[in-house]
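First comes the structure, then the notes that go with it.
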Amino acid sequence: MAKHFLHIILLIIFIGSHVSGMKVTEVSNPVNADLKVYVTAIRSEADLIVYFVSDPGFSNAPGLWYLESDVNLSDTTLYYVQDRSSSDLVIYITNTKSEAGKSK
Numbered sequence: 000m001a002k003h004f005l006h007i008i009l010l011i012i013f014i015g016s017h018v019s020g021m022k023v024t025e026v027s028n029p030v031n032a033d034l035k036v037y038v039t040a041i042r043s044e045a046d047l048i049v050y051f052v053s054d055p056g057f058s059n060a061p062g063l064w065y066l067e068s069d070v071n072l073s074d075t076t077l078y079y080v081q082d083r084s085s086s087d088l089v090i091y092i093t094n095t096k097s098e099a100g101k102s103k
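Residue numbering for the sequence shown follows numbering that gives the first Met the number 0, beginning at 0 and increasing consecutively.
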């Protein structure tokens, strides 16, 4: 129950508000993840459009994520899932920085 509540809060932060971008770390075990993420190839299916930036200082707007290798420096941890129904968040990864942010 508490973990489900945490997922809802994190989704609100990711999608519902215009917070700064995120420093994210990918983890290999879903137990260690704050969010389970499904990557879609169809933009209209996404909850969030993500652009990965090359420097943590550039993760300063919604949908701008920096892939942080040190979990202690990241804002959240992600586990990528193959099944959309088991995800907490559906993202579309764009190659255009200006497209980053909310999808729906």
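Backbone N, C-alpha and C fix where the C-beta goes; we use that ideal spot for every residue, glycine too.
On the CB-based measure, 16 or more other CB atoms within 10 Å of its CB, does A40 come out buried or exposed?
exposed
For N31, which of V38, A60, V70 and G100 has the nearest alpha-carbon?
V70
For G56, the three-state DSSP class (helix, strand or coil)
Helix.
Over what stretch of residues does the beta strand (DSSP E) that includes E173 continue unbroken?
Lying before the first or after the last residue shown, residue 173 is absent from the chain, which here runs from 0 to 103.
Curious, which full-length beta strand (DSSP E) runs of at least 3 residues does the region 23-51 contain?
At a cut-off of 3 residues, the continuous stretches assigned as beta strand (DSSP E) that sit fully inside the region 23-51 are 34-38.
State the Cα-Cα distance for the pair V89 and Y79, rounded to the nearest angstrom.
10 Å
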